[in-house]
Amino acid sequence: MGGDSKYVGLWYVAPYVIGLALFIAFPFLASFYLSFTDYDLLSKPEYVGLDNYKKLFTRDRTFDKSLKVTLIYVFTTVPLKLVFALFIAVVLNYRLKAINLFRTAYYVPSILGGSVAIAVLWRYIFADTGLVNMAIIALGGEGINWFGDPENALFTITLLRCWQFGSAMVIFLAALQSVDKSLYEAAAIDGAGPWQIFRSITLPLITPVIFFNLIMQTVQAFQEFNGPYIITQGGPLKSTYLLPLYIYDEAFKSFDMGYASAIAWVLFAIIMVLTLIAFWSSKKWVYYAGDKRS
Amino acid sequence: MAAFSYLPKHSGSGEREAPTQLEIKLRRKARFNAALRYTLLTVVGLIMVYPLVWLIGASFKTNAEMFSSPGFWPSNPTIQGYIDGWQTSTAYTFGRFFMNSLWIIIPKTIGTAISCTLVAYGFARFEFPGKKILFASVIATLLLPNVVTRIPQYLLFRDLGWLNTFLPLWVPSALAGDAFFVFMVIQFLRAIPRDMEEAARVDGANTLQTLIFIVVPMLMPALISVCLFQFMWTMNDFLGPLIYLSSVDKYPVSLALKLSIDTTEAFAWNQILAMSVLALAPSLAVFFMAQKYFIEGISTGGVKG
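Going down the list, the protein sequences come from chains U and C. In terms of full-length UniProt numbering, the first sequence has 251 at position 251, counting the first letter as 1, and numbering is strictly consecutive. In terms of full-length UniProt numbering, the second sequence has 97 at position 97, counting the first letter as 1, and numbering is strictly consecutive.
Next comes the structure, spelled out in structure tokens:
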């Protein structure tokens with residue numbers, strides 16, 4: 001707006017700038033510094049060079065295990081959740097009368113997110129004699145030891161997060177609904193089958209949203225805490241001991257702030273590298289018509 | 001697949017002729033297609049919702065019945081779980097924990113709405129030095145994993161003497177710390193034409209008056225979305241209170257529920273489930289009352305969850 005001083009806008013964004021400096025930028029740098037220190041909250045942080053990182057990568061078996069289960073968790077949960085969300089969105093994107101009813105039913109579990117009550121619910125329905133095993137037995141199968149068996153426990157948490165596919169689905173659905181219908185008609189007249197239309201028209205047009213969901217879900221999955229903390233406490237045999245749990249224990253139970261910061265930075269580095277790869281590769285597979293999204 | 005829903009209509013092209021063989025075939029196929037979709041969506045929908053329905057039913061069951069039948073309808077409905085669970089094993093009832101949750105949520109939500117409005121207005125309507133880099137930082141913060149800032153934040157709050165108070169939960173949000181909301185309101189504001197604001201400015205209103213009397217009313221739908229999401233996320237937040245609150249009298253519902261699990265789960269499942277239902281009730285009530293805003297909010301900015 002014309003006559004204003006060029007600093008007026010700055011006044012309005014000032015709260016954000018203060019918050020950014022105090023609660024994001026400063027802690028970000030401080031945690032990087034702390035990761036090179038030994039700090040138990042009682043005495044001053046003591047600079048120890050690369051010791052924390054050396055210990056992490058050479059002597060810490062718990063870290064190896066934790067990193068491994070974190071990667072397995074992320075690389076199963078994110079694809080499963082996104083494929084399922086996209087599949088349901090495609091099925092839902094049709095002239096169905098009940099579209100809103102279905103959308104609501106699917107969205108409810110994800111709106112409850114990381115709530116403790118939902119984790120409680122999961123403990124009960126996947127208990128040895130819980131709802132899921134009762135259903136399996138009723139169908140003639142054999143009950144599964146969901147949380148007691150290290151082979152299954154992590155997957156049970158994956159199932160919890162896949163159950164909450166709703167918000168990814170709503171975003172997919174909004175994108176599908178904005179695809180120009182005349183493209184479908186033109187393709188159908190040219191004799192393209194439904195699968196061909198999906199692959200060559202729908203999928204390329206919604207790649208920006210796929211990209212968005214992929215990044216957000218990955219960043220979030222790497223930080224999963226509530227599920228394993230409440231449902232399995234990281235067990236059995238550390239099979240659900242994701243890195244955020246390890247960081248929490250080191251920082252707030254052992255009060256080893258320096259070491260916890262080092263683990264946090266390794267986790268951060270992994271997320272950054274994957275995000276950068278995604279952004280870099282997006283030039284090759286994400287389609288932008290004009291610049292609709294900014 | 002969606003193609004089939006449009007094709008028959010299209011090839012009818014206005015004039016009422018007898019349907020051709022091809023049209024009949026396509027219509028039949030479309031009807032089959034719709035039936036298949038309904039079946040699939042219904043089955044998946046039931047699987048999605050059943051755990052929640054079961055939870056509500058199970059909260060009225062006796063401990064003995066809990067693990068004996070997969071049905072949700074209790075054979076001898078009892079509210080004993082609610083009565084005992086409400087009392088908790090601590091000196092406080094869940095009434096106290098709900099008040100604590102509310103006392104965390106309300107200032108946090110108001111702070112979020114006000115700060116996001118100011119900041120979004122600044123970004124969407126003004127040019128100023130450093131704007132580009134600051135806006136880039138909003139996006140970066142959106143992607144920045146909290147895990148990397150959490151420990152120094154804790155140390156900062158400790159040095160400020162804020163541990164075991166609600167301040168660490170309120171203040172960052174009141175300084176527009178939730179980048180997702182800032183981004184959402186900016187996107188919303190960018191889509192609103194500026195004519196009204198310019199007219200107000202010509203009539204002599206200053207920028208703050210313009211913001212309050214012209215922009216805020218138009219921003220209402222976005223602000224309602226922000227408040228609803230913030231309400232829901234704060235209600236369900238567990239890690240924040242877990243780190244910052246240490247005395248039971250300050251516990252919100254999420255922490256109290258975790259405490260009940262640790263102390264009573266071995267013998268009183270029905271109490272835990274009853275309190276879980278109560279813990280979810282506010283979120284579910286808010287969601288069903290204001291669904292529209294959630295769906296719109298999510299489509300404007302995209303959302304985590």
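We treat Cβ as the ideally placed atom computed from N, Cα and C, and that holds for glycine.
Of the residues the options, the one placed nearest residue i, counting alpha carbons only
i: residue 139 of chain U; options: C/70, C/190, C/27 and C/65; result: C/70
i: residue 271 of chain U; options: U/41, U/134, U/24 and U/67; result: U/67
i: residue 243 of chain C; options: U/240, U/217, U/251 and U/241; result: U/251
i: residue 173 of chain U; options: U/249, U/87 and U/153; result: U/87
i: residue 119 of chain C; options: C/205, C/233, C/223 and C/47; result: C/223
i: residue 52 of chain U; options: U/263, U/275 and U/6; result: U/263
i: residue 60 of chain U; options: U/279, U/243, U/255 and U/71; result: U/243
i: residue 49 of chain U; options: U/70, U/224 and U/32; result: U/32
i: residue 189 of chain C; options: C/160, C/159 and C/116; result: C/116
i: residue 254 of chain C; options: C/275, C/161 and C/265; result: C/275
i: residue 152 of chain U; options: U/276, U/240 and U/19; result: U/240
Counted within 10 angstroms of its Cβ, other Cβ atoms place residue i as buried (16 or more) or exposed
i: residue 47 of chain U; result: exposed
i: residue 2 of chain U; result: The predicted position of residue 2 of chain U is uncertain, since its pLDDT is 49 and thus under 50; a value taken from the coordinates is nonetheless stated next. That one is exposed.
i: residue 293 of chain U; result: With a pLDDT of 44 at residue 293 of chain U, under the threshold of 50, the modelled position of that residue is not reliable, and the figure given next carries that caveat. Result: exposed.
i: residue 307 of chain C; result: In this structure chain C extends from 1 to 305, so residue 307 of chain C is not present and cannot be described.
i: residue 73 of chain C; result: exposed
i: residue 270 of chain C; result: buried
i: residue 78 of chain U; result: buried
i: residue 288 of chain U; result: exposed
i: residue 100 of chain U; result: exposed
i: residue 178 of chain C; result: buried
i: residue 262 of chain C; result: exposed
i: residue 153 of chain C; result: buried
i: residue 280 of chain U; result: exposed
i: residue 102 of chain U; result: buried
i: residue 230 of chain C; result: buried
i: residue 240 of chain C; result: buried
Distance, residue j Cα to residue i Cα
i: residue 67 of chain C; j: residue 109 of chain C; result: 40 Å
i: residue 144 of chain C; j: residue 91 of chain U; result: 33 Å
i: residue 81 of chain U; j: residue 55 of chain U; result: 35 Å
i: residue 6 of chain C; j: residue 25 of chain C; result: Residue confidence for residue 6 of chain C is low, a pLDDT of 38 falling below 50, so the modelled location carries little weight; the figure read from the coordinates is stated next. When rounded, the distance between both Cα atoms is 14 Å.
i: residue 327 of chain C; j: residue 187 of chain C; result: Any property of residue 327 of chain C remains undetermined from this structure, which presents chain C solely from 1 to 305.
i: residue 218 of chain C; j: residue 253 of chain U; result: 48 Å
i: residue 305 of chain C; j: residue 41 of chain U; result: Model confidence at residue 305 of chain C stands at a pLDDT of 36, short of 50, so the residue's coordinates are unreliable and nothing is read from them.
i: residue 295 of chain C; j: residue 180 of chain C; result: 15 Å
i: residue 84 of chain U; j: residue 165 of chain U; result: 7 Å
i: residue 145 of chain U; j: residue 233 of chain U; result: 16 Å
i: residue 184 of chain U; j: residue 260 of chain U; result: 53 Å
i: residue 148 of chain C; j: residue 137 of chain U; result: 44 Å
i: residue 119 of chain U; j: residue 281 of chain C; result: 15 Å
i: residue 59 of chain C; j: residue 246 of chain C; result: 29 Å
i: residue 76 of chain U; j: residue 227 of chain U; result: 15 Å
i: residue 274 of chain U; j: residue 106 of chain U; result: 29 Å
i: residue 63 of chain U; j: residue 220 of chain C; result: 47 Å
i: residue 233 of chain C; j: residue 22 of chain C; result: 52 Å
i: residue 231 of chain U; j: residue 94 of chain C; result: 22 Å
i: residue 179 of chain U; j: residue 203 of chain U; result: 10 Å
i: residue 248 of chain U; j: residue 225 of chain U; result: 9 Å
Assumed close pair residue i, residue j - CB separation to whole angstroms, cut-off 8 Å
i: residue 169 of chain C; j: residue 104 of chain C; result: 5 Å
i: residue 252 of chain C; j: residue 146 of chain C; result: Incorrect: roughly 18 Å between the Cβ atoms, too far for contact.
i: residue 286 of chain U; j: residue 208 of chain U; result: 6 Å
i: residue 130 of chain C; j: residue 12 of chain U; result: Rounded, the Cβ-Cβ distance is 13 Å, inconsistent with contact.
i: residue 74 of chain U; j: residue 222 of chain U; result: 6 Å
i: residue 34 of chain C; j: residue 96 of chain U; result: 7 Å
i: residue 220 of chain U; j: residue 168 of chain U; result: Not confirmed; about 10 Å, so no contact.
Span of the alpha helix (DSSP H) around residue i
i: residue 80 of chain C; result: 80-87
i: residue 120 of chain U; result: 116-125
i: residue 208 of chain U; result: 207-222
i: residue 217 of chain C; result: 216-236
i: residue 130 of chain U; result: Unbroken run through residue 130 of chain U: none, as it is neither H nor E.
i: residue 205 of chain C; result: Per DSSP, residue 205 of chain C belongs to no alpha helix (DSSP H) and is neither H nor E.
i: residue 47 of chain C; result: 21-58
i: residue 108 of chain C; result: 94-125
i: residue 74 of chain U; result: 61-92
i: residue 187 of chain C; result: 179-190
i: residue 53 of chain U; result: 51-58
i: residue 95 of chain U; result: Note, residue 95 of chain U: premise wrong, no alpha helix (DSSP H); not H, not E.
i: residue 240 of chain C; result: 239-244
i: residue 196 of chain U; result: 194-197
i: residue 132 of chain C; result: 131-143
i: residue 259 of chain U; result: 257-285
Chain-ordered chain B contacts of residue i [CB-CB under 8 Å]
i: residue 223 of chain U; result: Looking at the structure shown, chain B is missing, and the protein chains on hand are U and C.
Contact test: residue i Cβ vs the ligand MN heavy atom, cutoff 7 Å
i: residue 186 of chain C; result: Ligands in the displayed structure: none, and consequently the ligand MN is not present.
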